[in-house]
Structures are given as C-alpha cells and as structure tokens.
Amino acid sequence: MTNPANPPAQTETATTAEPVPPTEPAQVTEPVKEPAAPVEPATGEPADPGAAATGTDPLAEIQRLQAEANKWQALSRKNEARAKENADKAQKYTEIEEANKTEVQRLTDRVQKAETELQQARTLALRAEKSASTGVPMALIPSGTEDEMDSAIAAYQGALSAALNSRNAQTPPAAPANLVTAPEGSTKVKQLTRADLQSMSPQEIVQAKNDGRLNELLGKST
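For the sequence shown, position 155 matches number 155 in UniProt numbering, and the numbering has no gaps at all.
Encoded structure:
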C-alpha cells in the first residue's frame, strides 16, 4: 500500500542540453563626421591675399615707410643747420684772422702793392721812351721785358723799311733833309716837334730820326 504521505519518487528523465554557438560581438558603427568649416580670422574680416603672399600688413608697411622718410628728413635738416653753423664759424674765423694781422704784415702788403705799381709805371715809361726814340706807335710795343719790346720794334721797323724801299723804287729820291727844311742861310737841320710827329707816318718818323731831325726830342746835340 502506498503511503500518501510519502508519494512515490518520480524518476527523473535525464535530458542533455545542446551547446549554444558563441555569438559574434556586434560591430560598432562610428558616426559620419562632416568636414570642418574653414576658420575665419579672429577679426571677422577675410584675409588679404596680398598680405598672405608677402607676410606683411600693408598698413603697417606704409607706416614704417613714413617713419623712415620722417627720420631722413629730420637728419637732412640737422645737416643743413650744421653746415650753416660751420659756414658762420668759418666767416668769424676769417674776420678774426684779419683783425689779428700784425702791423708788419699790413706794411708788407702795402710795400708789395707799391712795388707792383712802380714796376707797371716803369714799364709804361719805357714803352713811351722807345716809342719816341724809334717812331713805333706805343700801342704796338708790348708790356713785358725790354728784350720783348725791342723784338717787337725791330719787327715793325723791318716791315716799314720793306714798304718804304718798295715805294722809293717807284719814285725819284727826295732831296736831302737839310736842304729842304733848313731856312735860308742856315746849315742847321730843322728839328721836328711832337706836334709834327702826330701827322707823320711811322716810316717818315724813322727817316726823320735818321736825318737828325729828332735830335732835340731825343736829347741829342744838333
């Protein structure tokens, strides 16, 4: 008899569970990123292509050039002022040098000036003397040494002599001067005056000298 308090043991049916295949991990799909927007300059203004090419700011470059020009202009003004100052100093130095000249220096300058004037006067007197003695116009006698004067006189007289000889060859010879110019009963050669010389040609003056008609003017005894 079966005891209801102790029910009969049920037989367990052994069941074998089938192995479960391993599952693959799920692939994580990354979100698609959109291209980043271009970054604009901090000032909010578009970048200047010219500035990007040269690497400088045009406004800054203009300011730099203006500053450079101002600098050189200021230097130029300083140099001009310095040059004027130096010129004033040089003028003052010259005035001081002139004021500091000694009396001896002043006298030396005066002596040199007087000697120059004396030499010029001597040259002028010598030209006048040679002009009167040779009949050569004073304007044709150069200022210089006495040798230079004599050379010019000789050249002039040579030319006059050639011209005179050419004229004499075409005309009969003149009478001796003492017979023409001397008064009756006088054997003394008539002397010419300076007024007479002014109306005579150079060759006539030379001839008069050779005839002895200029002896009184030349200080010779007649």
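We put the beta carbon where it would ideally sit given N, CA and C, even for glycine.
My output table needs one value for R64: the three-state DSSP class, helix, strand or coil. Locating residue 64 in the sequence shown gives position 64, counting from the first residue. DSSP places R64 in the helix class (H, G or I) of the three-state scheme.
Cβ-based burial, M149 [other Cβ within 10 Å; buried from 16]: As a working mapping, residue 149 is identified with position 149 in the sequence shown. So M149 counts as buried.
Taking Cβ to Cβ, would you say V206 is nearer than 8 Å to G144? If you number the sequence shown from 1, residue 206 lands on position 206. If you number the sequence shown from 1, residue 144 lands on position 144. Not closer than 8 Å, so no.
Report the option in S201, E216, A195 and M200 whose CA atom is closest to the CA atom of V189. As a first step, residue 189 must be located in the sequence shown, where it is residue number 189. V189 has its Cα closest to that of E216, out of S201, E216, A195 and M200.
Could you check which residue in L75, A195 and S133 has the C-alpha nearest to that of L218? Walking along the sequence shown from the start, residue 218 turns up at place 218. For the set L75, A195 and S133, the Cα lying nearest the Cα of L218 is the one of S133.
Just verifying my parser: in three-state terms, what is the DSSP assignment at N215? Sequence index remark: in the sequence shown, residue 215 carries index 215 (1-based). Coil at N215, not helix or strand.
Straight-line gap, P137 to K209 (C-alpha atoms, nearest Å): Start at 1 with the first residue of the sequence shown, and residue 137 comes out as number 137. Start at 1 with the first residue of the sequence shown, and residue 209 comes out as number 209. Looking at the backbone, the Cα of P137 and that of K209 are separated by about 14 Å.
Below 8 Å on the Cβ atoms is my guess for L140 versus A152; work out the distance and round it to an integer in Å. As a working note, residue 140 is residue 140 in the sequence shown. As a working note, residue 152 is residue 152 in the sequence shown. Contact between L140 and A152 holds, since their C-beta atoms are separated by about 6 Å, short of 8 Å.
How would you write the range of the alpha helix (DSSP H) that I205 sits in, first residue to last? For this step, residue 205 is matched to residue 205 along the sequence shown. Segment P202 to N210, the alpha helix (DSSP H) holding I205.
Report the CB separation of residue 238 from E146 in whole angstroms; it is logged as a contact under 8 Å. Here the chain comprises residues numbered 1 to 222, so residue 238 is not present and cannot be evaluated.
Three-state class that DSSP yields for P58 in the structure shown: Start at 1 with the first residue of the sequence shown, and residue 58 comes out as number 58. Note: P58 maps to helix in three-state DSSP.
If you drop the 5 nearest sequence neighbours on each side, which residues of the same chain put their C-beta closer than 6 Å to that of E61? Locating residue 61 in the sequence shown gives position 61, where the first residue counts as 1. Taken in chain order, the list of residues that qualify is empty.
Same chain, Cβ closer than 8 Å to A81, five either side skipped, listed in chain order: Start at 1 with the first residue of the sequence shown, and residue 81 comes out as number 81. Excluding positions up to five away in sequence, the list is empty.
Thinking C-beta only, is Q203 closer than 8 Å to A163? Working through the sequence shown from its first residue, we reach residue 163 at position 163. Working through the sequence shown from its first residue, we reach residue 203 at position 203. Yes; because the gap between Cβ atoms is below 8 Å, this pair is in contact.
Between which two residues does the alpha helix (DSSP H) harbouring V111 extend? Against the sequence shown, residue 111 aligns to sequence position 111. Taken as a continuous stretch (DSSP letters only), the alpha helix (DSSP H) holding V111 covers E103 to T134.
Quick check on L192: buried or exposed, where buried means 16 or more other Cβ atoms within 10 Å of its Cβ? For the purposes of this step, residue 192 is taken as residue 192 along the sequence shown, with counting starting at 1. It is buried - the Cβ of L192 has at least 16 other Cβ atoms within 10 Å.
With 16 as the cutoff for other CB atoms within 10 Å, does L65 come out buried or exposed? The count along the sequence shown starts at 1 and reaches residue 65 at position 65. Per the 10 Å Cβ criterion, exposed.
Using DSSP with H/G/I as helix, E/B as strand and the rest coil, what is residue 242? Past the boundaries of the shown model lies residue 242; the chain is included only from 1 to 222, so the question cannot be answered.
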